[in-house]
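In the numbering used here, the protein residues as written are 706 to 811.
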């Protein structure tokens, strides 16, 4: 019973995170987290972060992150802010989706 309760509470928590922040977060291995935006254009458009020995997060390079070099330079390297980086991606993906829908309507 306790295991099922914990599982349902964890699922609710994950759903609330997704609804509030716009990212589905999965832990795939020890210290490896995959984030997928609700506005992602492709199913494989995800970010991978790994917790390093100091307890900080490192963005791992993949096909999707390679397309975000300007945002990585500004928000991660210069501003040193993962939340701002994720917010910028959310806004960019959201704007791309709404622009696509606007063009389809006209």
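By construction, the Cβ of each residue, glycine as well, lies at the ideal position given by its N, Cα and C atoms.
In this text, all values refer to a predicted model and were calculated from it rather than measured experimentally.
Is there a C-beta anywhere in chain D that falls below 8 Å from the one on residue i?
i, result
"residue 740", "Judged by its chain identifiers, the structure shown contains no chain D, having just a single protein chain."
Which residues in the same chain have their Cβ closer than 6 Å to the Cβ of residue i, if we skip the five residues on either side of it in sequence?
i, result
"residue 763", "755, 757"
| request: Evaluate the contact criterion for the segment 748 to 757 versus the segment 766 to 784: three or more CB pairs, one atom per stretch, below 8 Å. | output: yes
| query | Which full runs of the alpha helix (DSSP H) of 4+ residues lie inside the segment 727 to 774, going along the chain? | reply | none
| query | Quick check: the segment 795 to 803 against the segment 780 to 787, are there 3 or more CB pairs under 8 Å? | reply | no
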